[in-house]
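Comments concern the structure below.
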Amino acid sequence: MDFKLHSTLKILFCSFVSSLIEYGVVIWYPTIMNDSYQLERIQHKFLKFVSFRLSIDCLPRYYNPVLCHLDLTTLTARRVQINLSLLT
Numbered sequence: 008m009d010f011k012l013h014s015t016l017k018i019l020f021c022s023f024v025s026s027l028i029e030y031g032v033v034i035w036y037p038t039i040m041n042d043s044y045q046l047e048r049i050q051h052k053f054l055k056f057v058s059f060r061l062s063i064d065c066l067p068r069y070y071n072p073v074l075c076h077l078d079l080t081t082l083t084a085r086r087v088q089i090n091l092s093l094l095t
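First residue of the sequence shown? That's 8 in our numbering, and the numbers climb one at a time after it.
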């Protein structure tokens, strides 16, 4: 299988990984920095893989170019967005 298309990679990540990470976030919102960091590491591993597969230049531990390329946000930003949407 060749997962070079960024849209395919994004769909796979959002369907199988992001949905599990964000499930129930309103109830268990990680306020402890270590919990948040561990969740972000999951996304960083995916972004590192995507940057390699799609040949996107990015500095180590700086994945904003890949996030922009896939039109994604950080998991922290997503959790805040989900919690704010609950309040409105």
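Glycine residues also receive a C-beta, built at the ideal position from the N, C-alpha and C atoms.
(message) Helix, strand or coil, according to DSSP, for Cys65 in the structure here?
(response) coil
(request) Specify the secondary structure class of Ile39 as computed by DSSP and reduced to three states. (result) coil
(message) I'd like to know whether the C-beta atoms of Arg86 and Tyr36 end up nearer to each other than 8 angstroms.
(response) yes
(request) Would you mind working out which of Thr81, Asn90, Arg68 sits nearest Phe20, comparing C-alpha positions? (result) Thr81
(request) Grab the span of the alpha helix (DSSP H) containing Ser14 for me, first residue to last. (result) 13 to 19
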